[in-house]
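Sequences listed follow chains A and B, in order.
Position 65, counted from 1, in the first sequence is what the working numbering calls 65; the numbers after and before it change by one each time, with no gaps.
Position 13, counted from 1, in the second sequence is what the working numbering calls 13; the numbers after and before it change by one each time, with no gaps.
C-beta atoms are modelled at their ideal positions from N, C-alpha and C, and glycine is treated no differently.
Down below is the structure, laid out as structure tokens.
There are 2 protein chains.
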Amino acid sequence: MRYKNSRSAVKTGRPRSFCTDNVLDRAMTVFWRKGYEGASLSELTDAMGINPPSLYAAFGNKEGLFRAVLERYDARRQSLMDRVLAAPDPRTVARLFLEGVAGFAVDTEGRNPPGCLLVQSGLSCSDAGIPQALAEHRAEKERALRERFERDKRAGKLSRDANPATLASYLVAMANGICVQAAAGATAEALHDIVEVALSAWPDTPKKNRTIKRKNAAG
Amino acid sequence: MRYKNSRSAVKTGRPRSFCTDNVLDRAMTVFWRKGYEGASLSELTDAMGINPPSLYAAFGNKEGLFRAVLERYDARRQSLMDRVLAAPDPRTVARLFLEGVAGFAVDTEGRNPPGCLLVQSGLSCSDAGIPQALAEHRAEKERALRERFERDKRAGKLSRDANPATLASYLVAMANGICVQAAAGATAEALHDIVEVALSAWPDTPKKNRTIKRKNAAG
DNA sequence: CCATATCTGTATCGAACGCTACAGATATGG
DNA sequence: CCATATCTGTAGCGTTCGATACAGATATGG
Chain A
1 MRYKNSRSAV
11 KTGRPRSFCT
21 DNVLDRAMTV
31 FWRKGYEGAS
41 LSELTDAMGI
51 NPPSLYAAFG
61 NKEGLFRAVL
71 ERYDARRQSL
81 MDRVLAAPDP
91 RTVARLFLEG
101 VAGFAVDTEG
111 RNPPGCLLVQ
121 SGLSCSDAGI
131 PQALAEHRAE
141 KERALRERFE
151 RDKRAGKLSR
161 DANPATLASY
171 LVAMANGICV
181 QAAAGATAEA
191 LHDIVEVALS
201 AWPDTPKKNR
211 TIKRKNAAG
Chain B
1 MRYKNSRSAV
11 KTGRPRSFCT
21 DNVLDRAMTV
31 FWRKGYEGAS
41 LSELTDAMGI
51 NPPSLYAAFG
61 NKEGLFRAVL
71 ERYDARRQSL
81 MDRVLAAPDP
91 RTVARLFLEG
101 VAGFAVDTEG
111 RNPPGCLLVQ
121 SGLSCSDAGI
131 PQALAEHRAE
141 KERALRERFE
151 RDKRAGKLSR
161 DANPATLASY
171 LVAMANGICV
181 QAAAGATAEA
191 LHDIVEVALS
201 AWPDTPKKNR
211 TIKRKNAAG
């Protein structure tokens, strides 16, 4: 069996003996369980099955490895976000997003701990760049939701007094809170119940309680 | 000026030169900003204004200091929880709780970072006892809310199909998510908007949609 | 087959970590 | 005023941290 190598073009020199995505997945588990500062280089190299010089040649340093892990994490969550953003209406977006996050938070392939890497691996840190990097990755999801809701609002799929930014922020906050509950050992059923309550806060499709100024809703 | 000392009875020996609550507040700031593992002993002793032997004599070790800080944190939040639990009805409990948490999360006395110590100081850690200790402290608040809602339900202040455990879990999850947003730099206004959405999910007082079995609601 | 380039494994670097031995300082109890 | 007890400050303990120097291994390009 040959590992997939990240080198895009044929280059000279001894080839890399490991698959980048593979070792990133293994490093992800360590960062997830121990947090950024709690994950030692020796634990990381042991889990990744490589030696320190290989790690430093490939990722620069510990922070570089962590940032590569975050990118890998996003990639593994992309299919969920794609499915969420493809939902026909904003309420379904909200439901798929919260249910998806709750599902991922409790089912982490038996390898990773319950919860979310972007929440529990370093909210406070000796190196302030780590919390900031995590915040940026979380904000990325929030922005995707907000832009979706802005489109929905323009399309008349959200009431005129709904605030896309607030709704996106609410969903992300709820999702992060769910992840904290999951990390503390909450069951899938408990998380599902939380999601149901959270969704009952969702504003329904605009009701005809005012004079209809413009009608640009498309089915 | 004389510092308050924690020694309850008069004892022999050289008296302690520092106020326990005072140094715990200073240590709290370090743990809050850097997380449990990111807070080094030298940073802690510098901030506390004492030397390592005094720290170890008083708190045992780093984990003992952290646990003492958590107790101190709870003590400083107790007045909020008292006010929340003294609210006349469950909806007001929910509102005061979320508004109170959001308020604390952004206004941390200019000394502590935005957010919540119980959420951001060590969700994942090299020593698993730290996330567990944090989870227990958070669960304490959730239990207080749940018991309050159970009493409300027995008193008819919550609808018969409301689940006190779910509502408490929802509020705590929402509060924790709000703290994550605050830690990432969310403004007080943004958090307030989230709280408003979150409260719109709250089940209202029981409506007379069924046969009224018992009536013991008071005003 | 050789020059070049890159990766791997061993062995280890200086720095920072959490923690403590020890002697001096300062209180109480008699 | 002395014996005892506890706390303080200095100085440094052994370990682990993140990161690297270096030599051998293995590919490409000519």
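Near residue i, what residues of its chain come up, given a Cβ to Cβ distance below 6 Å and the 5 sequence neighbours on each side ignored?
| i | result |
| --- | --- |
| serine 42 of chain A | none |
| alanine 183 of chain B | Pro114, Gly115 and Gln120 |
| glycine 129 of chain A | none |
| aspartate 161 of chain B | none |
| glutamine 181 of chain A | none |
So, is residue i buried or exposed, given that buried needs 16 or more other C-beta atoms within 10 angstroms?
| i | result |
| --- | --- |
| aspartate 107 of chain A | exposed |
| glycine 13 of chain B | exposed |
| alanine 190 of chain B | buried |
| aspartate 193 of chain B | buried |
| lysine 62 of chain A | buried |
| phenylalanine 18 of chain B | buried |
| arginine 154 of chain A | exposed |
| lysine 11 of chain A | exposed |
| asparagine 51 of chain B | exposed |
| proline 53 of chain A | exposed |
| arginine 146 of chain B | buried |
| glutamate 142 of chain A | buried |
| alanine 75 of chain B | exposed |
| alanine 94 of chain A | buried |
| proline 15 of chain A | exposed |
| alanine 135 of chain B | buried |
| alanine 57 of chain A | exposed |
Establish whether the CB of residue i and some CB of chain A are separated by less than 8 Å.
| i | result |
| --- | --- |
| threonine 92 of chain B | no |
| arginine 138 of chain B | yes |
| methionine 174 of chain B | yes |
| alanine 184 of chain B | yes |
| glycine 100 of chain B | no |
| alanine 135 of chain B | yes |
| glycine 110 of chain B | no |
| glycine 13 of chain B | no |
| glycine 49 of chain B | no |
For residue i versus residue j, is the C-beta spacing smaller than 8 Å?
| i | j | result |
| --- | --- | --- |
| methionine 48 of chain A | alanine 144 of chain A | no |
| leucine 118 of chain B | histidine 137 of chain B | yes |
| proline 90 of chain B | aspartate 152 of chain B | yes |
| lysine 34 of chain B | serine 79 of chain A | no |
| aspartate 21 of chain B | arginine 72 of chain B | yes |
| leucine 55 of chain B | alanine 133 of chain B | no |
| alanine 105 of chain B | alanine 201 of chain A | no |
| glycine 38 of chain A | glutamate 37 of chain B | yes |
| arginine 111 of chain B | threonine 29 of chain B | yes |
Can you find the residues in the same chain that come closer than 7 Å, C-beta to C-beta, to residue i, ignoring five residues on each side of it along the sequence?
| i | result |
| --- | --- |
| alanine 68 of chain A | Leu24 and Phe59 |
| phenylalanine 149 of chain A | Pro90, Leu158, Pro164, Leu167 and Ala168 |
| leucine 96 of chain B | Arg83, Val84 and Ala87 |
| proline 131 of chain B | Gly122, Leu123, Ser124 and Cys125 |
Could you name the residues of chain A that residue i contacts, counting a contact when the two beta carbons are closer than 8 Å?
| i | result |
| --- | --- |
| arginine 33 of chain B | Ser124 |
| isoleucine 194 of chain B | Thr166, Ser169, Tyr170 and Ala173 |
Closer than 8 Å, CB to CB, is residue i near chain B or not?
| i | result |
| --- | --- |
| alanine 168 of chain A | no |
| alanine 198 of chain A | yes |
| glutamate 37 of chain A | yes |
| glycine 129 of chain A | no |
| alanine 188 of chain A | no |
| alanine 201 of chain A | yes |
| glycine 64 of chain A | no |
| glycine 156 of chain A | no |
Taking C-beta pairs closer than 8 Å, name the residues in chain B that residue i reaches, listed in chain order.
| i | result |
| --- | --- |
| valine 119 of chain A | Leu123 and Val180 |
| asparagine 163 of chain A | Asp193 |
| glycine 177 of chain A | Val172, Ala173, Met174, Ala175, Asn176, Gly177, Ile178 and Val180 |
In chain order, what residues of the same chain have a beta carbon less than 8 Å from the beta carbon of residue i, not counting five sequence neighbours either side?
| i | result |
| --- | --- |
| leucine 98 of chain B | Leu171, Met174, Ala175, Ile178, Val195, Ala198 and Leu199 |
| arginine 26 of chain B | Ala47, Met48 and Gly49 |
Give the residues of chain B in contact with residue i, contact being defined as C-beta atoms less than 7 Å apart.
| i | result |
| --- | --- |
| glycine 103 of chain A | Under the 7 Å cutoff, chain B gives no residues; its nearest Cβ is about 15 Å from glycine 103 of chain A. |
Give the interface partners of residue i over in chain B, defined as CB-CB distance under 9 Å, in chain order.
| i | result |
| --- | --- |
| glycine 60 of chain A | Correct list: empty, because the minimum Cβ distance to chain B is about 20 Å. |
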